[in-house]
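A.B. asks: Please see the structure below; I have some questions.
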Amino acid sequence: MTSPDEQDFGVIEPAGLPTDFEAFFARHMNEFLRVAGARTRNPHDAEEVVMEAAVQMFRKWPRILAHPRPIALAHRILANKITDFYRYRARTAGREVSYDELSYAEVPTPDELLRLRGHDQLDRALAELEKRAPLQAQCIILHYYADLDFTEIANCLEITVGAARANAHLGRKKLVHLIDLPESGKGKS
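Using the numbering used here, the first residue of the sequence shown is number 558, and each one after it goes up by one.
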């Protein structure tokens, strides 16, 4: 019998990521971070969600490659991970630490809080739009937060370019109504 040091346990050395996955993820990582950041409003949470989505994308890489629109499937995985993130937060809400128990390093600075003050109304309106018209909300997020053009949005959501443009336009009008902003009319030119 051989000693444990001499036994071969079939350990496989990691060969690294497939180069096509690395290239795909590197090309779209900023886009994924902008979408996750728009939904989580915290860059650390956005990074966590994107990395969890990346793990899932890597596991399903052959399926993503076989999909007619790989970016659409990748965005669906990201959206599911964002949903999972909020579900996890809802489950652990009762176990959160109070503000008084935080260490000084974890307390948000006044500047960070001031940067977020204008987002509450928009966040509530966007959440309401997601309930009423989820496709319009996705088009708004991808166009205004991820800075994608309508062709890229159409590829991500597996819709036509015209549908992407129309849903973004209608979603924007509904957001203006939900926020109670005045309609931007035609001005004098």
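Note that beta-carbon positions come from the ideal geometry of N, C-alpha and C, so glycine has one too.
Could you spell out where the alpha helix (DSSP H) holding A603 opens and where it closes?
C.D. replies: 600-616
A.B. asks: Considering just the uninterrupted stretch of the alpha helix (DSSP H) at P691, what are its terminal residues?
C.D. replies: 691-697
A.B. asks: Assign K688 to one of two classes, buried (16 or more other C-beta atoms within 10 Å of its C-beta) or exposed (fewer than that).
C.D. replies: exposed
A.B. asks: Going by CA-CA distance only, name the one from R596, A610, A631, V612 that's closest to I710.
C.D. replies: A631
A.B. asks: Relative to the alpha-carbon of W750, which residue among Q695, A682, R722, F578 has its alpha-carbon at the smallest distance?
C.D. replies: This structure gives no information on residue 750, because the portion of the chain shown stretches from 558 to 746.
A.B. asks: Decide yes or no for the touch test of the segment 606-615 against the segment 719-728: beta carbon pairs closer than 8 Å, at least 3 of them.
C.D. replies: Cβ pair count under 8 Å is below three, so no.
A.B. asks: Taking CB distances under 8 Å as the criterion, tell me whether A720 reaches chain C.
C.D. replies: No chain C appears in the structure shown, which is made up of a single protein chain.
A.B. asks: Put I716 into one of helix, strand or coil per three-state DSSP.
C.D. replies: coil
A.B. asks: Are K731 and A690 touching if we call contact CB-CB under 8 Å?
C.D. replies: yes
A.B. asks: Taking 8 Å as the threshold (C-beta atoms), are V592 and L635 in contact?
C.D. replies: Yes, the Cβ-Cβ distance between L635 and V592 is below 8 Å.
A.B. asks: Please classify A682: does DSSP put it in a helix, a strand, or coil?
C.D. replies: DSSP places A682 in helix when its eight states are reduced to three.
A.B. asks: Consult DSSP for A623 and reduce its assignment to one of helix, strand or coil.
C.D. replies: Correct three-state label for A623: helix.
A.B. asks: Measuring CB to CB, does E715 end up less than 8 Å from R584?
C.D. replies: Taking C-beta atoms as the reference points, E715 and R584 fail to come closer than 8 Å.
A.B. asks: Checking 8 Å against the spacing of the C-beta atoms, do I639 and V606 come in under that value?
C.D. replies: yes
A.B. asks: State the CB to CB distance for the pair Q678 and G728, rounded to an integer number of angstroms; the pair is presumed to be in contact (CB under 8 Å).
C.D. replies: Contact between Q678 and G728 does not hold, since their C-beta atoms are separated by about 16 Å, which reaches or exceeds 8 Å.
A.B. asks: Select from L705, T576, V733, G719 the residue whose C-alpha is nearest the C-alpha of E685.
C.D. replies: V733
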